[in-house]
Amino acid sequence: MRPQSIGQIALIAAALAYLFGVYFASSPVWMGFTINALIVAVVALSWNITGGFGGLSSFGHAALYGTGAYASAILQVKYGVNAWVGFGAGILAGALMGVFIGALAFRYGLRGSYFALVTLAFAEVLRICASSFDFTGGGSGLQLTLAPGVANLQFNDRTIAYTALLVVVAVVMGLTAFIKYSRFGAYLIAVRENEDAARALGIDTYKIKVQAMAISGAFGGLAGVLYLQLWLFIDSNVVYGSAVSIEALIGPIIGGAGTIWGPLLGTLGLHLLGEGAKHLLPNAPGLNFVLYAIVLICALRFLPNGLVGLAGKLGTFKKKEDDNA
Amino acid sequence: MSSLIFPAVLSGLMMGAVYALVALGLTLIYGVLHIINFAHGSLLMLALYSVYFLYTYFGVDPYLAIPIVLPAFFALGYVLQRGLIAPMSSGSEQNVLLITLAASMIIDNLALYFWTSNTRTADIAYAYDTVEILGAYLPLGRVIAFGAALAVAPLLWCFMAYTRTGSAIRAVAIEKRGAELVGIDVNHTYAVCFGIGTACVALAACLLLPTFYITPQVGYTFVLVAFTTVVLGGMGSLLGALVAGLLLGVIESLCGLFLGESLGQIGIFLAFILILLFKPSGLLGRART
């Protein structure tokens, strides 16, 4: 994951400086806001595995996020299971949901727009189910009992929660880098570039895509569990809503899909923009999404490789074959 | 229970006709431009608000608003395709999907800002007069919508089959470069097609308003149902969209009857997933590879 240019180093350094600066911010608002952004960054990193490396654009990553959150919440609330076990179970449930959706969708060769639509439909079915059954708390959602302490994965101190979240994001990015430079990552990128050619070379593309969905599902489930442990409350619209699916794909596309830093940079940038707009126009719900959409349109038109790609062109060291960070 | 099934099927057919009308626009756009228009539901929401404001501020009856709203939304669709989608997408399928998604985010959230999330209804008394059909009582507004939607599908088909513009649209859909070579303005034809698709949505809004509610989120519900209808009917097939819309209306109505109101839409989405998985070419579509 060597940066390729001065621009990329500057971009990454700015993000790190911001994340470090939050510790010393005068107002606790900054930390609360950045915690939210980091949770979204984990979903964005989850989307990046399938959407970025695999070229499988999902429009329903809420299906994975929500399943992780609900699995952990149901175990904790209905069965009194320990939060750490719930944490693991949430990740596992996300991965299983990823395998389920992937296995069904790829068995019938769904690609492109069809894959986007089927993932969207899965998220919507799960949302309606979660809001209708008593098992999932129905319309009123599920609330964890407040019991601060490491044993219950609940943190009263925001600074500790923030640090833990930074560690999680770093681990997920580390895993992303590992995947990208592994044999599996090369196969996945080959599937994105030309699936038929990849199959002709003997790659089991079906297996690779389902595995990618499993990893993406694990990351997505992880993000859902993180949300649950920080807010102690979930309902069907919060975790299975379309806003989650949209945020999952918009960050990586603006930051740079299929890169290691792109999802984090894109998500942080968008959230800073949205937060700034909120201060300028305080009584405008949904204004941040209008801004995200405008940035998305501009990025699609002018930044084919996202922020990372743009920064890669500023002050290049020397010619490289691969211009991704 | 069996005495409830027949009225439920009828009322499902009434709603299904409106689904079909919304889906006609979507399938036309898909069939010609090969793009999935995420903003379709948002445009419906926008049309519903337009008809609503025409009614509340100017006293224009929703049915009389058709000659005002239809051309206006044709123009809106034309401009949207020519001014935003075509220049910004650089021709890639995924980019088009994302651009229309962005357009729907902008429209939905601006509506939320300007018109708040309050649910509104236009209280048009005569729309709830009941009509007796084979022993079942149905609101007049729904029956009119049913009849109008059923009439539009063959009209649209005739337009495509017998007019010069219709021929141009079909030519561009089949062979873009060939159409260009014989002198058809492809960009103009694409935009006209997008405009017609949007006009279908405006018509649906005029028919829907008398018996339906409006919120800024209403489009999202409809766009998912419309996707299902289009996929079920076979992407790009006008007749397929009509049949599929009616079928889905009945499925929703029966699921609502047997599983409870809140689960009515589950049937639609399960049908969607099953079709996408087992027969993505749809009921009446040609096989795609």
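Each protein sequence line maps, in turn, to chains A and P.
Heads up, this note's numbering is the position in the first sequence plus 21, with the first residue counted as 1.
Heads up, this note's numbering is the position in the second sequence plus 39, with the first residue counted as 1.
The beta carbon of each residue, even a glycine, is placed where N, CA and C say it ideally should be.
Small disclaimer: the values here were computed from a predicted structure and weren't measured.
- Query: Between G73/A and chain P, is there a C-beta pair that is closer than 8 Å?
  - Reply: no
- Query: Around the Cβ of A326/P, are there at least 16 other Cβ atoms within 10 angstroms (buried) or fewer (exposed)?
  - Reply: Per-residue confidence for A326/P stands at a pLDDT of 45, beneath the threshold of 50, marking its modelled position as unreliable; the derived number appears in the next sentence. Answer is exposed; the Cβ neighbour count stays below 16.
- Task: Residues of the segment 284 to 310 of chain P with a CB closer than 8 Å to any CB of chain A: list them in chain order, please.
- Result: G299, S301, L302, Q304, I305, F308, L309
- When burial is assigned at 16 or more other CB atoms within 10 Å of the CB, is E171/P buried or exposed? exposed
- With Y176/P as the anchor, note down where its beta strand (DSSP E) starts and where it stops. 175 to 178
- Message: Tell me the DSSP secondary structure of A326/P in three-state form.
- Response: With a pLDDT of 45 at A326/P, under the threshold of 50, the modelled position of this residue cannot be trusted; read the value that follows with caution. Reduced to three states, the DSSP call for A326/P is coil.
- Query: Going by alpha carbons, who is nearest to I163/P out of L87/P, V270/P, L248/P?
  - Reply: L248/P
- Message: Checking the sheet assignment: what are the DSSP bridge partners for E171/P?
- Response: Y176/P
- Roughly how far, in whole angstroms, is the beta-carbon of S266/A from the beta-carbon of H82/A, given that I think they are within contact range, below 8 Å? 5 Å
- Query: For chain A, is any of its Cβ atoms less than 8 Å away from the one on F261/P?
  - Reply: no
- Item | Contact test: K318/P Cβ vs the ligand FMN heavy atom, cutoff 7 Å | The ligand FMN is not part of the structure shown, which contains no ligands of any sort.
- Contacting residues, own chain, Cβ-Cβ under 6 Å from A78/P (five flanking each side not counted): Once the five neighbours on either side are set aside, the close Cβ partners of A78/P are T139, A142, S143.
- How is S26/A classed by DSSP in three states: helix, strand or coil? strand
- Message: For a contact defined as C-beta to C-beta under 9 Å, what are the partners of E132/P on chain A?
- Response: G133, S134
- Query: Comparing alpha-carbon positions, which option in V171/A, G170/A, A172/A, A151/A lies nearest K163/A?
  - Reply: Per the sequence presented here, residue 163/A reads as Leu, with Lys not at that position. Here the closest residue by C-alpha is A151/A.
- Cut-off 8 Å between Cβ atoms - residues of its own chain near L247/A, not counting five sequence neighbours on either side: I60, V63, L186, V189
- Query: Under 8 Å between C-beta atoms, does F143/A make it to chain P?
  - Reply: yes
- Query: Between which two residues does the alpha helix (DSSP H) carrying D147/P extend?
  - Reply: 132 to 154
- Item | Nearest candidate by alpha-carbon position, reference N173/A, set Y44/A, Y227/A, V102/A, A314/A | V102/A
- Query: Where DSSP assigns a beta bridge to F9/A, which residues make up the other side?
  - Reply: Missing from the structure shown is residue 9/A; chain A here goes from 22 to 346 and no further.
- Item | Boundaries of the alpha helix (DSSP H) in which Q97/A is found, first to last residue | 83 to 100
- Less than 8 Å between the CB atoms is what I'm expecting for Y39/A and L289/A, so what's the real figure, rounded? 7 Å
- Query: When DSSP labels each residue in this structure, what does G273/P get in the three-state scheme?
  - Reply: coil
- Query: Is A125/P closer than 8 Å to Y229/P when the C-beta atoms are compared?
  - Reply: yes
- For the alpha helix (DSSP H) that contains D217/A, what are its first and last residues? 216 to 221
- Can you find a CB in chain P that lies within less than 8 Å of the CB of P169/A? no
- CA-to-CA distance, W105/A to A211/A, given in whole angstroms: 37 Å
- Item | Rounded Cβ spacing between L271/P and A310/P (contact assumed at less than 8 Å) | Here L271/P really is in contact with A310/P; their C-beta atoms are around 7 Å apart, less than 8 Å.
- From what residue to what residue does the alpha helix (DSSP H) around Q304/P run? 303 to 317
- Query: Counting along the chain, where does the alpha helix (DSSP H) carrying E214/P start and finish?
  - Reply: Taken as a continuous stretch (DSSP letters only), E214/P belongs to no alpha helix (DSSP H), as it is neither H nor E.
- Query: Are any of the Cβ atoms in chain A nearer than 8 Å to that of M144/P?
  - Reply: Nearest CB-CB separation between M144/P and chain A: below the 8 Å threshold.
- So is N226/P in contact with chain A if we call contact Cβ pairs under 8 Å? no
- Give the straight-line distance between the Cα atoms of Y91/P and V192/A, rounded to the nearest whole angstrom. Answer to the nearest angstrom: the Cα atoms are 52 Å apart.
- Item | Three CB pairs or more closer than 8 Å across the segment 305 to 318 of chain A and the segment 283 to 297 of chain A | yes
- Within 8 Å (strictly less), CB to CB, does F233/P reach chain A? no
- Query: Shorter than 8 Å from the beta carbon of V329/A to some beta carbon of chain P?
  - Reply: no
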